[in-house]
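Below you'll find the structure, written out as structure tokens, and then a few comments.
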Amino acid sequence: MQLTNHTDYSLRVLVYLGLKDGGRATITEMAGHFGISRNHLVKVIQNLSNQRIVQTLRGKGGGVCLARQPGEINIGRVVRQSESHFNIMECFSGDRENCVISSVCKLKGVFRRAAQSFLEVLDEYTLEHILQNRDELIEIIIMGGSRPALDP
């Protein structure tokens with residue numbers, strides 16, 4: 501199973517904002533830090549904003565910040581809302597049923613159960629758990645060269 505870049509970037513944004521202690525970051529700042537397209541990051545931020553996980557503020561002094569405390573942001577929920585589906589096998593999609601053994605195959609049930617277990621593990625964690633090594637995360641970000649410091 502592989503998560504989409506959208507989910508990956510969503511989680512990176514949340515970690516970055518979680519290190520800001522309530523401070524704001526700009527989309528340009530985060531795009532530069534992670535080396536990803538600003539346009540793509542705009543879509544990620546919009547999705548997180550629609551979920552009411554981040555708050556966006558326009559204009560001078562604007563930016564993006566967490567709309568909730570890190571302990572209230574569940575990783576499993578973020579992943580579910582960032583992914584369009586969890587069809588890890590062709591036969592999960594009902595649209596493309598090309599497998600001749602699909603009607604009697606037991607693998608579909610095994611993989612469905614595995615995907616469910618994956619999500620249940622993610623449900624056990626919040627952004628607060630992910631930020632427990634805060635000092636190490638900050639050290640990597642600050643030591644990362646010309647990346648902006650995280651001072652709010």
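Numbering (this note's numbering), first residue to last: 501 to 652. No residue lacks a Cβ here, since even glycine has one placed at the ideal position from N, Cα and C.
Check: Cβ contact (3+ pairs, closer than 8 Å) linking the segment 529 to 536 and the segment 595 to 611; Outcome: no
Check: For tyrosine 516 and glycine 532, the rounded distance between their alpha carbons; Outcome: 12 Å
Check: Where glutamine 502 falls: helix, strand or coil (DSSP); Outcome: coil
Check: Where threonine 528 falls: helix, strand or coil (DSSP); Outcome: helix
Check: Residues bridged to glutamine 555 (per DSSP); Outcome: Cys565
Check: Residue environment, asparagine 505, which counts as buried when at least 16 other CB atoms sit within 10 Å; Outcome: exposed
Check: Under the three-state DSSP convention, the category asparagine 633 falls into; Outcome: helix
Check: Through-space distance from valine 621 to leucine 637, alpha-carbon basis; Outcome: 22 Å
Check: Lysine 520 versus Val544, Leu566, Leu511, residue with shortest Cα-Cα distance; Outcome: Leu566
Check: Touch test, the segment 602 to 616 against the segment 546 to 558, Cβ-Cβ under 8 Å, three pairs minimum; Outcome: no
Check: When Gly563, Ala615, Met530 are compared against asparagine 587, the one with the closest alpha-carbon; Outcome: Ala615
Check: Identity of the residues DSSP links to leucine 574 by a beta bridge; Outcome: For clarity, residue 574 is asparagine in the given sequence; the question names leucine instead. Per DSSP, Thr626.
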